[in-house]
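The opening residue of the sequence shown carries number 3 in the working numbering; numbering runs sequentially from there.
Some notes on the structure that comes next.
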Amino acid sequence: MSPGEKLDPIPDSLILQPPVFHPVVPYVTTIFGGLHAGKMVMLQGVVPLDAHSRFQVDFQCGCSLCPRPDIAFHFNPRFHTTKPHVICNTLHGGRWQREARWPHLALQKGSSFLILFLFGNEEVKVSVNGQHFLHFRYRLPLSHVDTLGIFGDILVEAVGFLNINPFVEGSREYPAGHPFLLMSPRLEVPCSQALPQGLWPGQVIIVRALVLQEPKHFTLSLRDQASRAPVTLRASFTDRTLAWISPWGQKKLISAPFLFYPQRFFEVLLLCQEGGLKLALNGQGLGATSVNQQALEQLRELRISGSVQLYCVHS
């Protein structure tokens, strides 16, 4: 891509915000595109062993210091008692509304955590370490929220901005949160991950990565024990195409906006179903490819290569 070349226009809903690693607290950042139903915010961190009081996560309507912005959702774990609990509230016009309290917080001093905020049409749901913990109905319009603030006694390892799984429309189940692996050495590219039991209906493969500055290609392949690749997904930066590649070299282009741009974050989801795989990119379903069920069961390796920095691979 030449320096003066412009990116193709892409709908805001298809652009993902890159994760942030080890931010200094207090930490305040803009939420790209604001909040909307179907958005998730993931927070990984550690409660310090010497934490004396509390920390808070605020979803704010603006980032001004004076006057103080409205806070649509204030999530406030407290550790100053023998029974940790969470206070949730809304700040509107400089005044706190009626607070809601949730006991039995599954966080302890010195322990790591993964908190997932899932924003729906009428309420936000919060899970702690994979278990649903609370839900809070909005008191201010979700569309007004455009800023995330994190304050207090907390060590933040990563903040991620994600979309819900598009393959579970209408599902009320809490989506699984898979943590970013903070550039672990085992995520070096090319990356290989074993699939000891092959693929089965309902299984989802998740890949989250950042495109490097001068990219050439991104390739995700699923291989059997003979190293054949019945399924290969390839993004080419030379002609800006996304395609399925068959074992015989045949290319089937995927009609969708090309989202693999330098320094942009992306998320690929592959859903295994009876006789094939469905593809989603940045939370948007893009179609499917047919694969014999017996071939899916024989797949034993997920391999990723190309001009990307991997943050999460889950299968």
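Beta carbons are placed, not taken as given, at the ideal position from N, Cα and C, and that holds for glycine.
On a predicted model such as this, the values are computed, not experimentally measured, just so you know.
message = Applying the 10 Å Cβ sphere with the 16-neighbour rule, what's the burial state of Ser292?
response = So Ser292 ends up on the exposed side.
query = Are the beta-carbon atoms belonging to Ser113 and His82 less than 7 Å from one another?
reply = No; because the gap between Cβ atoms is not below 7 Å, this pair is not in contact.
Distance between Ile73 and His94 (C-alpha atoms, nearest Å) = So the two alpha carbons sit approximately 7 Å from each other.
Collapsed DSSP secondary structure at Leu120 in the structure displayed = In the structure shown, Leu120 sits in a strand (DSSP, three-state: E or B).
query = Which of the three DSSP states, helix, strand or coil, is assigned to Glu216?
reply = Three-state result, Glu216: coil.
Contacting residues, own chain, Cβ-Cβ under 6 Å from Thr31 (five flanking each side not counted) = Counting only Cβ-Cβ distances below 6 Å, and skipping sequence neighbours, we find Leu150.
message = Tell me the residue span of the beta strand (DSSP E) that contains Leu93.
response = Start and end: His87 to His94.
query = If you draw a straight line from the C-alpha of Lys41 to the C-alpha of Val209, how long is it?
reply = Taking the straight line from one Cα to the other gives about 17 Å.
7 Å Cβ cutoff met for Val213 and Val315 = With contacts defined as CB atoms closer than 7 Å, Val213 and Val315 fail to qualify as a contacting pair.
key: Cα-Cα separation, Leu139 to Pro25   = Per the sequence shown, the amino acid found at residue 139 is Arg instead of Leu. Approximately 29 Å between the Cα atoms of the pair.
Range of the contiguous beta strand (DSSP E) that encloses Glu269 = Residues Phe267 to Gln275.
inquiry  = Taking the beta strand (DSSP E) that Leu298 belongs to, which residues open and close that run?
reply    = Counting along the chain, Leu298 sits inside no beta strand (DSSP E); it lies in the alpha helix (DSSP H) bounded by residues Gln295 to Gln300.
key: First and last residue of the uninterrupted beta strand (DSSP E) at Trp250   = Trp250 -> no beta strand (DSSP E), and no H or E assigned at all.
ask   = Alpha carbon to alpha carbon, what distance is there between His76 and Cys63?
value = Using only the alpha carbons, I get a separation of about 12 Å.
task = Go through its chain and collect everything with a Cβ distance to Asp155's Cβ below 8 Å, but skip five positions before and after it.
result = Cβ within range, chain order: Val49, Pro50, Ala53, His54, Ser55, Arg56, Phe57 and Phe81.
ask   = Would the beta-carbon of Arg141 fall within 7 Å of that of Gln227?
value = Inclusion of Arg141 and Gln227 in the CB contact set at 7 Å is not warranted, their separation being larger than that value.
ask   = Val27: which of Ala160, Met44 and Ser129 sits nearest, CA to CA?
value = When only C-alpha atoms are compared, the closest one is Ala160.
ask   = Any heavy atom of the ligand ATP closer than 6 Å to the Cβ of Arg242?
value = The ligand ATP is not among the ligands present in this structure, which contains no ligands whatsoever.
message = Tell me the residue span of the beta strand (DSSP E) that contains Val80.
response = Checking the sequence shown, residue 80 turns out to be Arg, not Val. Where Arg80 is concerned, the enclosing beta strand (DSSP E) stretches over Asp72 to Arg80.
request  = Assign Pro192 to buried or exposed, taking buried as 16 or more other Cβ atoms, counted over all protein chains shown, within 10 Å of its Cβ.
outcome  = Around the beta carbon of Pro192, fewer than 16 other beta carbons sit within 10 angstroms, so the residue counts as exposed.
message = Are the CB atoms of Leu37 and Leu144 within a distance shorter than 7 Å?
response = Closer than 7 Å, so yes.
key: Euclidean distance between Cα positions of Pro187 and Gln265   = Here the model assigns Pro187 a pLDDT of 45, short of 50, so the residue's position is not dependable, and the following value carries that caveat. So the alpha carbons of these two residues sit roughly 20 Å apart.
ask   = Among residues of its own chain, excluding the 5 on either side of Glu125, which ones have a beta-carbon nearer than 7 Å to its beta-carbon?
value = Within the same chain, Glu125 has close Cβ partners His137, Phe138, Arg139 and Tyr140.
ask   = Do you know offhand how far Arg174's Cα is from Gly47's?
value = In this prediction, Arg174 has a pLDDT of 49, which is less than 50 and means its spatial position is unreliable; nothing more can be read from the coordinates.
key: Where His54 sits in the DSSP three-state scheme   = If DSSP states are grouped into helix, strand and coil, His54 belongs with coil.
query = Grouping DSSP H, G and I as helix and E and B as strand, with all else coil, what is Leu144?
reply = In the structure shown, Leu144 sits in a helix (DSSP, three-state: H, G or I).
query = Counting along the chain, where does the beta strand (DSSP E) carrying Leu344 start and finish?
reply = Within the shown structure, residues of the chain are numbered from 3 to 317, placing residue 344 beyond reach of any answer.
task = Measure the C-alpha to C-alpha separation of Gly308 and Pro217 and round it to an integer number of angstroms.
result = Going from the Cα of Gly308 to the Cα of Pro217 covers about 8 Å.
message = Taking its Cβ as the centre, do 16 or more other Cβ atoms sit within 10 Å of Arg230, making it buried, or is it exposed?
response = With a 10 Å radius around the Cβ and a threshold of 16 neighbouring Cβ atoms, Arg230 comes out exposed.
task = Would you give the residue range spanned by the beta strand (DSSP E) that Ile1 belongs to?
result = The structure shown does not extend to residue 1, since the chain is modelled only from 3 to 317, so the question has no answer here.
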